[in-house]
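Here's the structure, in structure tokens; my notes come after.
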Amino acid sequence: MASSTFFNCTPLLTPVKPIARINPNCCNSTACLSLFAKKPTPLNLSSSHSISGFSPLISSKTLIVSSPNQKPQSLTIVAAKGYKMKTHKASAKRFRVTGTGKIVRRRAGKQHLLRKKNAKRRTRLSKTVQVDRCDYNNVIGALPYLKVNRAN
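Heads up, the sequence shown is in the working numbering, so the first residue is 11 and it goes up one at a time.
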């Protein structure tokens, strides 16, 4: 289930009255407060998560008329946090993390043809060894949620 973040902001939204056509050369009266610019302005997020700059959300063919006795409306915007990274399940079965944060793996060569390998060699192949430092980036890329101590 993807987590969501709620942003609560109170922008100065006023009733929007659509009009058919406005000639910008003859619109000099005080009733025409502002026309939105042709190019959209980016949304700016501050540390309090309020959004300013709503010109991309409203079309350029609208007229904003504000009344001094009207309160600004509250607006809640829901934004998803992002994409969850997927664990490579084959790698998750092959690698483990020790209590100190080291990545360990099994040794190769213990699956078959064990009769010709002596007991000392079979015992050595049964033990786990630490993954080389040069392979840490590959393992961590396949297992993004692995609790690894990168200093080891």
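Beta carbons: idealized from backbone N, C-alpha and C, even for Gly.
With 16 other Cβ atoms within 10 Å as the buried cut-off, status of residue i
{"i": "methionine 95", "result": "exposed"}
{"i": "alanine 47", "result": "Only weak support is given to the placement of alanine 47: the predicted model assigns it a pLDDT of 46, under 50, and the value that follows is read from those uncertain coordinates. So alanine 47 ends up on the exposed side."}
{"i": "serine 136", "result": "exposed"}
{"i": "valine 114", "result": "exposed"}
{"i": "valine 149", "result": "buried"}
{"i": "cysteine 153", "result": "The question names cysteine, but residue 153 in the sequence shown is leucine. Per the 10 Å Cβ criterion, buried."}
{"i": "valine 141", "result": "buried"}
Best match in the options for proximity to residue i [C-alpha to C-alpha]
{"i": "alanine 102", "options": "Ala118, Gly151, Gly119", "result": "Gly151"}
{"i": "glutamine 121", "options": "Arg132, Phe105, Asp145", "result": "Arg132"}
{"i": "lysine 97", "options": "Gly119, Lys157, Ala161", "result": "It is threonine, not lysine, that sits at residue 97 in the sequence shown. Among Gly119, Lys157, Ala161, the Cα nearest to that of threonine 97 is on Lys157."}
{"i": "arginine 143", "options": "Arg134, Asn162, Lys126", "result": "Asn162"}
{"i": "glycine 119", "options": "Lys112, Thr108, Arg134, Val107", "result": "Arg134"}
{"i": "aspartate 145", "options": "Tyr93, Lys126, Lys130, Lys112", "result": "Lys112"}
Endpoints, the alpha helix (DSSP H) within which residue i is located
{"i": "arginine 131", "result": "129-136"}
{"i": "asparagine 148", "result": "146-152"}
Identified DSSP bridge partners for residue i
{"i": "valine 107", "result": "Ile113"}
{"i": "glutamine 140", "result": "Val114"}
Nearest-angstrom Cβ-Cβ length linking residue i and residue j, presumed shorter than 8 Å
{"i": "threonine 110", "j": "asparagine 159", "result": "6 Å"}
{"i": "threonine 138", "j": "arginine 116", "result": "6 Å"}
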